Structures are given as C-alpha cells and as structure tokens.
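Inspection log for the structure reproduced underneath, given as structure tokens.
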Amino acid sequence: MSLSNFAVRVLFIVGLTCLTGTVWLVLWRIIALFCTKRSNAEFVYRLLRISLLGFAVPWIAVMRIIKTDLIGGSGWMLVLTPRLALVAVIGFAVWLIGACATAGIYLVRFQGFCSSTRSTCRGTVEEQELLLRLCEHKHIRRPVQIYKGYRIMVPCVRGIRRVKIYLPMDEIPMEELEMILNHELNHYKQRDVFWKPLMVILCCVYWFMPLIWYISKQVQKWSEASCDHRCYRDGYSLTYYFESILRMGERTISLATFAPTWGATATELKWRIDCMKQNRDKSLKRWVAVLTTAGMLLTGSTTVFAAEAGIEKAYDQAYEATAYAVDETAEYESAEQPEYEEFTCSEEEMFAGTTVVDAPVNITRSYASWTIKNGYTMKTPAFHKDKGGQVNVAGTISPSEKYVTLGITQPDGSIRAIKVSGNFSFTFKDLAMTGSYRVFIQNTSGSTVTCEVIYN
Numbered sequence: 277m278s279l280s281n282f283a284v285r286v287l288f289i290v291g292l293t294c295l296t297g298t299v300w301l302v303l304w305r306i307i308a309l310f311c312t313k314r315s316n317a318e319f320v321y322r323l324l325r326i327s328l329l330g331f332a333v334p335w336i337a338v339m340r341i342i343k344t345d346l347i348g349g350s351g352w353m354l355v356l357t358p359r360l361a362l363v364a365v366i367g368f369a370v371w372l373i374g375a376c377a378t379a380g381i382y383l384v385r386f387q388g389f390c391s392s393t394r395s396t397c398r399g400t401v402e403e404q405e406l407l408l409r410l411c412e413h414k415h416i417r418r419p420v421q422i423y424k425g426y427r428i429m430v431p432c433v434r435g436i437r438r439v440k441i442y443l444p445m446d447e448i449p450m451e452e453l454e455m456i457l458n459h460e461l462n463h464y465k466q467r468d469v470f471w472k473p474l475m476v477i478l479c480c481v482y483w484f485m486p487l488i489w490y491i492s493k494q495v496q497k498w499s500e501a502s503c504d505h506r507c508y509r510d511g512y513s514l515t516y517y518f519e520s521i522l523r524m525g526e527r528t529i530s531l532a533t534f535a536p537t538w539g540a541t542a543t544e545l546k547w548r549i550d551c552m553k554q555n556r557d558k559s560l561k562r563w564v565a566v567l568t569t570a571g572m573l574l575t576g577s578t579t580v581f582a583a584e585a586g587i588e589k590a591y592d593q594a595y596e597a598t599a600y601a602v603d604e605t606a607e608y609e610s611a612e613q614p615e616y617e618e619f620t621c622s623e624e625e626m627f628a629g630t631t632v633v634d635a636p637v638n639i640t641r642s643y644a645s646w647t648i649k650n651g652y653t654m655k656t657p658a659f660h661k662d663k664g665g666q667v668n669v670a671g672t673i674s675p676s677e678k679y680v681t682l683g684i685t686q687p688d689g690s691i692r693a694i695k696v697s698g699n700f701s702f703t704f705k706d707l708a709m710t711g712s713y714r715v716f717i718q719n720t721s722g723s724t725v726t727c728e729v730i731y732n
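The opening position of the sequence shown corresponds to residue 277 in our numbering, with each subsequent residue numbered one higher.
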C-alpha cells in the first residue's frame, strides 16, 4: 500500500468519526440543557458517556476500507489524483505531528502521575477492613487495595483489573475516610477508570477539534457531580462531604486527567455544590429516561449514514476539481511502447477461477489506484466508446517484476488483453463495436500487487 493510499484511509476514518462524534456530542449538549433542571447528574453523565460512542459508530465505512485492504479492491476512497495524493500525505503528516505532540505532553504528565504513586505503602488493617465492608455493600467483587504515600496529595483511584485507591499520609478521621472511599468506589462503579484514559486517547487523536477539549472538561465535571449524587443517595451529609473536599484544596488537579480524584478547583466545587442543591432530589420518570436515551441513539445513528454520504460527495467534488485532462493520443503515441502480444477470449474463460470486484460507477473518473490480491480481478466502471475508436491505458505495477493481465471487456462479452509488468502503456485500437467498455487488471502472479492506472 502506498503512503498516499494509507494517508487517505487514515484521514477518512478520522474525519468521519470526528463528524459523527461531533453530532452526538451536540445532541448530548442539547439534551443536557433540557435535563439539567429536570434530572440529576447521574443521568446527564450517563448520556454523556453514551454520546462518546459517536466516535466509534461509523464501522460500516471503516469495515469497507478494511475489506478493500484484505481482499483487494478500489472503493471510492482509494481512487486518487496526484494532487489529492499530495494533499492526503501533507494532511496526514500535519495530523500525525499534532497527535504525537499531544501524546508527548500527556506522556510527560503521566510519568509525573506514575512517579507519585510508586513510593507508597499499603493502608492499615482498619482502613482495609473499612474498604472491604464498602465493597461488599456496593457488590464490588474485584479486589481493591488502599495505598498511601507522601507524594499523594489527594485521594484518587486507578486501575481497571488491579484497582488501587491512593490516599495521602495525612491522618484522616474514619468518618471522613469512609466518605472518601465511598466516593472513589463510586468512580470505579461508573467505570471512570476507563473513561478517563479514553478521553486522553480521544484528545490525542482529535487534537484539532475544539469540541473534544470542551467535552474532556465536561467528563471531568459530570463524573464528579455524578459521584456526589451517589454519595448523597448513600446517606452522607452534604455539608460535611463538601467541607472535606474543600479542605483538600486545589493541590491535585493535574491528577484528574488520568484518574478520578477527590479534590476540585474552587470554580468546579462551587458548580458541584450548585448542581447538588438544584437537582439532588430530582429524577426523570423511567419511561422518559428510556425514550430520551433511545431518541439520542436513533438520531445519532442516522448521522452515520448521512456523514458518510456527505464525505463521499465532498471527496467526489475534490476529485473532479483536481483531475487533470490528458491528450491520451499524443501522449501514448509519443511514448516508446514495448511489443505486447494481444490475445482475445471470452469473459468466462478470462475470469474463471478468479474473484471479480467491480469499482463503483462514476464514469467521469479515469484514474485508479488498486491493491489486488492474488486471484482477484479489478474492473473499472463502464465507459462509452464508438466503433473504430481506441482505448488508451497506461500505468505502473508494483512490484515491477510481477506480471498481470491488462485488458478491456467489450459490449459483446469478448475480451482483448495483454500481459504487463512495471511501467506500461498500450492502446487497444480499432474497436469492433459501439457500446460500453471496461478496463480490467487480473492478478495471478502469486502475490499481492499495487496498480496505478490511467485510461480513457
């Protein structure tokens, strides 16, 4: 696979998932405005996590690309003009540099986070027993351990398989410790130990998208607000609860990127308190919640097909804008052509024992970039030719030592073909009839080949 083909695949997947993810997140924002005063933070946060699926749902288009790569094919996104190929490579390079730079920044922060959790020791027996009772109450079967360290400034939870709750070395009253552990276990129950790293990955991939940075902050805020509401349902005093958070100060917030924490900034804490005051006893009726969630999923899913169709149309326009006209007769006649031995046969004889893949119909295109597995035949869309005319074909086969069959299908089902390798140029002259013709390349070389072909 050439660099340009790889680049256009990556940009297509990133662009499509970016578009669908944006639509899903906008839907969440609209629904959140409606639900904020009518429901509690748990429901709003649940919808926010569902909306993140918008970055994963365009699998129909993604699978089509994967299928093309595995079995060979042309798919509309694989057809490139030289100018589009250049744009794709440049765009891919810019995206990759941004993604690597963002990942590098996060990596430095993550190393600092990890270093603060290394010099720790196990919690006391009393603390472990308290944690065990809370886990039993919350039906958490996976082992959870307490670790304490001098570099741990604020309680946090980390790990999906090996769950660890980190605590400062400060002396914490048992009543306050119970609230803290309950809060961190709520984060675990909400799978925030998964969603936090996922948001880091999304920020690296979609670094160019302002909305993803906004949503990253929203995930942080609503995950904490949801845990606040869960703790309220567990019977803890909100006054004592928020006073405990306030005592931790703002010494922690860098940790919040990678793990759910106990602390908060003053602005965020004020928002969380207001959120609890307004919505702590509110909840949507079950049927309203179900319909709201189903409506969001249905509306969001329809955008996948619309987004793919829109990107395909935009790509078509870009292709037509960058396709170049070629005076094929002058170009091909001026080139020194090697001697090719032309032969004829029927379609049944030619295609027997191979898998034939038809390119999507778009008669304005005259350029194709194909990856063809052994035992496969690729056909271009049909184009019209008059009797006595000619079909000019030129291109390159890689690896250059591999021979493939290049030919045209005629309106009556007969075949005219030659064997080519490396760089080639050939004219099928004196067409015997008027009608629809197609150019094809058949690969029986024993290995996968890459073909770039221009024809008229």
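The C-beta atom is built at its ideal place from N, Cα and C for all residues, glycine as well. As the structure is a prediction and not an experimental result, all values here were calculated from the model.
{"Query": "9 angstroms Cβ cutoff met for C727 and M485", "Result": "no"}
{"Query": "CB contact flag (G711, K661, <9 angstroms)", "Result": "yes"}
{"Query": "Sequence-distant residues of its chain with Cβ nearer than 6 angstroms to L457 (five each side left out)", "Result": "L407 and L410"}
{"Query": "G629, buried or exposed, once every other Cβ within 10 Å from all chains shown has been counted against 16", "Result": "exposed"}
{"Query": "Own chain residues within Cβ distance below 8 angstroms of H463, not counting five before or after", "Result": "V433, V469, S499, C503 and P536"}
{"Query": "Residues near V602 by beta carbon distance below 6 angstroms, same chain, minus five either side", "Result": "Caution applies to V602, whose pLDDT of 40 falls short of 50 and renders its modelled position unreliable; the value that the coordinates give is listed next. Contacts found: none."}
{"Query": "Contact check, V286 vs F368, beta carbons under 9 angstroms", "Result": "yes"}
{"Query": "Spatial distance of E428 from R359 (CA atoms)", "Result": "Checking the sequence, you will find Ile at residue 428 rather than Glu. Spanning the two alpha carbons is a distance of roughly 54 angstroms."}
{"Query": "Cα-Cα separation between T605 and N668, rounded to whole angstroms", "Result": "Summary for T605: the model assigns pLDDT 40, below 50, so the residue's position carries little reliability, and this model does not support an answer."}
{"Query": "Where G330 sits in the DSSP three-state scheme", "Result": "helix"}
{"Query": "Backbone secondary structure at W483 - three-state DSSP", "Result": "coil"}
{"Query": "Contacting residues, own chain, Cβ-Cβ under 6 angstroms from Y426 (five flanking each side not counted)", "Result": "M445"}
{"Query": "Beta-carbon proximity check, V680 vs N732, cutoff 9 angstroms", "Result": "no"}
{"Query": "Contact the stretch 324-334 vs the stretch 294-306: 3+ CB pairs below 8 angstroms", "Result": "yes"}
{"Query": "The beta strand (DSSP E) enclosing H660, as first and last residue numbers", "Result": "F659 to K661"}
{"Query": "Three or more C-beta pairs below 8 angstroms linking the stretch 374-383 and the stretch 480-494", "Result": "yes"}
{"Query": "Same chain only: Cβ atoms within 6 angstroms of A658, ignoring 5 sequence neighbours per side", "Result": "S712 and R714"}
{"Query": "DSSP-derived helix/strand/coil call for G348", "Result": "At G348 the pLDDT is 46, less than 50, meaning the model places this residue with poor confidence and gives no usable figure here."}
{"Query": "For Q404, three-class secondary structure by DSSP", "Result": "helix"}
{"Query": "Nearest to S721 (by Cα), restricted to the options L567, G511, S674 and L292", "Result": "S674"}
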